[in-house]
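Peer 1: Taking UniProt numbering, the leading residue of the sequence shown gets 1, the next gets one more, and so forth.
Even for Gly, the Cβ is constructed at its ideal location relative to N, Cα and C.
Predicted, not measured: the structure shown is a model, and the values here were computed from it.
First the structure, which I've put down as structure tokens, then a few questions once you've had a look.
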Amino acid sequence: MNITTSIDGLVIRSFRIEDAESYSKYANNYNIWRFLRDEFAHPFTLAHAKEYIEKICLPNESSYFAIDYQGTAIGDIHIVKQTDILRLSGFLGFWLAEEFWGKGIMTEAVKAVTKYAFEKLDLIRIFARVFSNNSASIRVLEKAGYELEGRFKNAIVKEGIILDQLQYAILKPLEK
């Protein structure tokens with residue numbers, strides 16, 4: 001599966017096992033890990049990348065995507081469809097290799113995957129949760145049309161620091 005974007009050389013696509021090397025290279029970065037859940041390993045090894053791709057991404061290829069820039073996987077973006085009464089909602093998660101920050105790549109990726117999810121995954125709402133000190137991801141979500149829904153005060157602890165968590169969401173556009 002490929003999603004084309006407006007940035008030349010940027011494709012959102014299904015993961016391949018060959019992506020494990022670049023995935024582990026870029027994911028093994030403290031500046032990425034510090035804004036992710038603790039379950040995201042640090043250091044992040046080739047074995048971690050292979051396990052993630054094989055056990056999570058490949059079986060769920062319609063919702064877990066590599067951010068491919070000029071032929072190399074430089075990040076991860078996924079939408080996890082919720083269940084039960086939340087079954088029409090999806091949870092958005094993402095990260096991008098640090099050397100590509102500030103170039104509009106992640107904003108474009110979020111826009112493209114959001115459009116795809118509304119069209120193909122039968123969702124009416126997509127939400128994301130970010131650490132209150134992650135100004136870059138907050139900007140990405142806002143530029144992609146997501147709106148702040150709420151603040152969960154003192155909801156997370158990362159490296160011994162208690163932080164608020166912000167929830168952003170976007171709704172499927174109404175049919176005209």
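1. Can you give me the Cβ contacts of residue 197 inside the same chain, cut-off strictly under 6 Å, excluding the 5 residues immediately before and after it?
2. So, is M1 buried or exposed, given that buried needs 16 or more other C-beta atoms within 10 angstroms?
3. Smallest Cα separation from L166: which of F131, L174 and I156?
4. Beta strand (DSSP E) containing I138: first to last residue?
5. Within 10 angstroms of the Cβ of L86, are there 16 or more other Cβ atoms? Answer buried if so, exposed if not.
6. Per DSSP, what kind of secondary structure is H78 in: helix, strand or coil?
7. For F172, which residues from the same chain have a beta carbon less than 6 Å from its beta carbon, with the 5 sequence-adjacent residues on both sides left out?
8. Output the distance between the C-alpha atoms of D84 and F91, rounded to the nearest integer angstrom.
Peer 2: So, to answer that:
1. In this structure the chain extends from 1 to 176, so residue 197 is not present and cannot be described.
2. With fewer than 16 other Cβ atoms within 10 Å, it is exposed.
3. Nearest C-alpha to L166: F131.
4. Counted as a single uninterrupted DSSP element, the stretch harbouring I138 is not any beta strand (DSSP E) but the alpha helix (DSSP H) occupying residues S135 to K143.
5. Exposed is the call here.
6. Three-state result, H78: strand.
7. Checking the displayed sequence, the identity of residue 172 turns out to be Lys instead of Phe. Apart from sequence neighbours up to five positions away, the residues of its chain that approach K172 with a beta-carbon distance below 6 Å are F118 and I124, ordered along the chain.
8. When the Cα atoms are used, D84 and F91 turn out to be separated by approximately 14 Å.
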